[in-house]
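**Q** Dumping the structure here so I can ask a few things about it.
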Amino acid sequence: MQTPHQHASEAVLGRRTEIAAALVEREFARHPELAQRYGATGRAKSLQDVGYHLSFLAQALAVNNRALFIDYVAWVKVMLGKRNVSAADLAFHLECLAEVLTEQLPAEAGALAAAFVVAAVQAMPAMPEDLPTFLHEGEPLSPRAHQYFEALRRGERHLASQLVLAAVAAGTPVRDIYLHVFQPAQYEIGRLWQTNRISVAQEHYCTAATQLIMSQLYSHIFATAKNGRTLVATCVSGDLHEIGVRMVADFFEMAGWNTFYLGANTPHS
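Shown next as structure tokens:
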């Protein structure tokens with residue numbers, strides 16, 4: 062039996078297109094200067110952004126966890142702020158979203174969904190406007206992580222690979238490479254995209270390079286004796302960000318599990 066929050070989640074997804082259209086129409090009608098400030102491109106991007114907001118809102122509702130949506134809005138605040146969209150504009154956008162949800166959805170579902178959005182708006186003043194680096198001095202393997210990250214950023218994939226393979230050959234455990242080189246480097250790459258310092262193309266290059274270098278370590282990863290347990294790891298339909306769950310699957314493999322990694326955007330049927 063579904064909970065009211067799960068019903069609200071399904072209602073949000075079921076009327077995602079209508080909610081997005083009504084929200085953008087309301088925003089631009091109430092503040093005509095938005096059209097002058099952001100133009101037709103801004104209107105289209107606003108529609109796209111609403112789709113993302115609703116997807117995250119629906120998932121937060123499905124598990125009845127406001128913190129999930131609040132964390133997402135904190136991420137959005139930084140991302141949009143670095144692209145010259147003010148926190149005030151984002152708050153106005155979300156306030157309009159709360160209104161539209163109560164109008165577009167059945168009463169109980171609309172109230173539950175709007176409450177999540179209002180909670181995020183109320184939390185916005187305490188949310189950061191920028192993010193510190195994920196590459197910290199003094200952390201395990203921090204010099205190697207810095208070198209690896211800089212090699213990727215310069216487009217020197219072969220050097221990045223050599224740095225990792227040399228460390229493993231010198232006795233560094235593959236687990237430590239994953240945790241203290243790949244992970245902070247990928248976090249930092251994500252931070253630079255979020256803060257508008259690298260392009261999507263650069264982020265994709267760095268991530269693809271890390272995935273390639275991970276594959277070069279599989280002779281070590283698959284050498285562990287098996288324990289008879291099995292793991293299936295995948296990304297849900299629509300999710301293209303696969304590297305995190307791939308790293309998790311590799312850790313299970315190193316612990317002796319037989320893993321089936323299915324990759325990104327796997328349909329449920």
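Last residue of the sequence shown: 330 (this note's numbering), numbering continuous. Beta carbons: idealized from backbone N, C-alpha and C, even for Gly. Values in this document were obtained by computation on a predicted structure and should not be read as measured data.
#1: Would DSSP call residue 292 helix, strand or coil?
#2: For residue 69, collect the residues of the same chain with a Cβ closer than 6 Å to its Cβ; drop the 5 residues on either side in sequence, then sort them by chain order.
#3: CB-CB under 8 Å to residue 82, same chain, minus the five flanking residues each way: which ones, in chain order?
#4: Among all the DSSP beta bridges, which residues are the ones paired with residue 14?
#5: Just the C-alpha distance for residue 177 and residue 129, rounded to the nearest angstrom, thanks.
#6: On the DSSP letters alone, give me the boundaries of the beta strand (DSSP E) that residue 321 sits inside.
#7: Residue 124: buried (16+ other C-beta within 10 angstroms of its C-beta) or exposed?
#8: Measure from the alpha carbon of residue 297 to the alpha carbon of each residue in 144, 303, 315, 326, then state which is nearest.
#9: Per DSSP, which one or two residues make a beta bridge with residue 297?
#10: Assuming contact is defined by CB atoms lying nearer than 8 Å, are residue 291 and residue 139 in contact in what I supplied?
#11: The alpha helix (DSSP H) that contains residue 87, what's its start and end?
#12: Leaving out five residues before and five after residue 229 in sequence, what residues of the same chain have Cβ atoms less than 8 Å from its Cβ?
#13: Buried or exposed for residue 193, going by 16 or more other Cβ atoms inside 10 Å?
#14: Out of curiosity, what's the CA-to-CA distance linking residue 152 and residue 219?
#15: Pick helix, strand or coil for residue 68, following the three-state DSSP scheme.
#16: Can you list, in chain order, the residues of its chain with a C-beta nearer than 7 Å to that of residue 207? Leave out the 5 residues immediately preceding and following it.
#17: Less than 8 Å between the C-beta atoms of residue 149 and residue 188, yes or no?
#18: Cα separation between residue 203 and residue 244?
#19: Please name the residue, chosen from 198, 315, 309, 316, that lies closest to residue 323 on a Cα-to-Cα basis.
#20: Would you kindly report the start and end of the unbroken alpha helix (DSSP H) that includes residue 195?
#21: Between which two residues does the alpha helix (DSSP H) containing residue 163 stretch?
#22: Assuming contact is defined by CB atoms lying nearer than 8 Å, are residue 213 and residue 157 in contact in what I supplied?
#23: Of the residues 299, 286, 293, which one's Cα is nearest the Cα of residue 315?
#24: Using only the heavy atoms of the ligand NAD, determine whether one of them is closer than 7 Å to the beta carbon of residue 214.
#25: Does DSSP put residue 130 in a helix, in a strand, or in coil?
#26: What would DSSP say about residue 143, mapped onto helix, strand or coil?
#27: Can you check whether the C-beta of residue 244 is within less than 8 Å of a C-beta belonging to chain D?
#28: Which value, in whole angstroms, describes the spacing of the CA atoms of residue 260 and residue 252?
**A** Once the coordinates are examined:
#1: Taking the sequence shown and counting its residues from 1, one reaches residue 292 at position 231. Here residue 292 sits in strand by DSSP.
#2: In the sequence shown, the residue the question calls residue 69 occupies position 8. So the list reads 122, 170, 173, 174, once near-sequence residues are dropped.
#3: Along the sequence shown, read from residue 1 onward, the residue named residue 82 stands at position 21. Within the same chain, residue 82 has close Cβ partners 108.
#4: Residue 14 is absent from the model: the chain starts at 62 and stops at 330.
#5: Against the sequence shown, residue 177 aligns to sequence position 116. Against the sequence shown, residue 129 aligns to sequence position 68. Their Cα atoms are separated by approximately 10 Å.
#6: Numbered from 1 along the sequence shown, position 260 holds the residue referred to as residue 321. First-last of the beta strand (DSSP E) with residue 321: 319-322.
#7: By one-based count along the sequence shown, residue 124 stands at place 63. With fewer than 16 Cβ atoms within 10 Å of its Cβ, residue 124 is classed as exposed.
#8: Here the question's residue 297 lines up with position 236 in the sequence shown. When each option's Cα is compared against that of residue 297, the closest is 326.
#9: Here residue 297 corresponds to residue number 236 of the sequence shown, with the count starting at 1. Paired residue(s): 327.
#10: For this step, residue 291 is matched to residue 230 along the sequence shown. For this step, residue 139 is matched to residue 78 along the sequence shown. Not closer than 8 Å, so no.
#11: Indexing the sequence shown from 1 puts residue 87 at position 26. Run containing residue 87: 77-91, per the alpha helix (DSSP H) assignment.
#12: What you label residue 229 is simply residue 168 of the sequence shown in a count that begins at 1. For residue 229, where only same-chain residues beyond five positions count, the Cβ hits under 8 Å are 235, 238, 278, 281.
#13: Here residue 193 corresponds to residue number 132 of the sequence shown, with the count starting at 1. With fewer than 16 other Cβ atoms within 10 Å, it is exposed.
#14: If you number the sequence shown from 1, residue 152 lands on position 91. If you number the sequence shown from 1, residue 219 lands on position 158. Approximately 44 Å, taken between the alpha carbons.
#15: Your numbering for residue 68 matches position 7 in the sequence shown. Looking at residue 68 - three-state DSSP - the assignment turns out to be helix.
#16: In the sequence shown, the residue the question calls residue 207 occupies position 146. Excluding sequence neighbours, residue 207 sits near 196.
#17: In the sequence shown, residue 149 corresponds to position 88, counting from 1. In the sequence shown, residue 188 corresponds to position 127, counting from 1. No.
#18: Position 142 of the sequence shown holds residue 203. Position 183 of the sequence shown holds residue 244. Approximately 11 Å, taken between the alpha carbons.
#19: Within the sequence shown, numbered from 1, the residue matching residue 323 stands at position 262. Comparing Cα-Cα distances from residue 323 to each of 198, 315, 309, 316, the minimum goes to 309.
#20: For the purposes of this step, residue 195 is identified with residue 134 of the sequence shown, where counting begins at 1. Element bounds for residue 195: n/a, residue is neither H nor E.
#21: Along the sequence shown, one-based indexing puts residue 163 at 102. Note, residue 163: alpha helix (DSSP H), 148-165.
#22: Taking the sequence shown and counting its residues from 1, one reaches residue 213 at position 152. Taking the sequence shown and counting its residues from 1, one reaches residue 157 at position 96. For residue 213 and residue 157, no; Cβs fall outside 8 Å.
#23: By 1-based counting over the sequence shown, the position of residue 315 is 254. It is 286.
#24: Of the ligands one can find in the structure shown there are none, so the ligand NAD has no counterpart to examine.
#25: One-based indexing of the sequence shown puts residue 130 at position 69. In this structure, residue 130 counts as helix in the three-state DSSP scheme.
#26: Counting from 1 along the sequence shown, the entry for residue 143 is found at position 82. It is coil, neither helix nor strand.
#27: The chain labelled as chain D is not found in the depicted structure, where only one protein chain is given.
#28: Counting from 1 along the sequence shown, the entry for residue 260 is found at position 199. Counting from 1 along the sequence shown, the entry for residue 252 is found at position 191. Whole-angstrom Cα-Cα distance: 11 Å.
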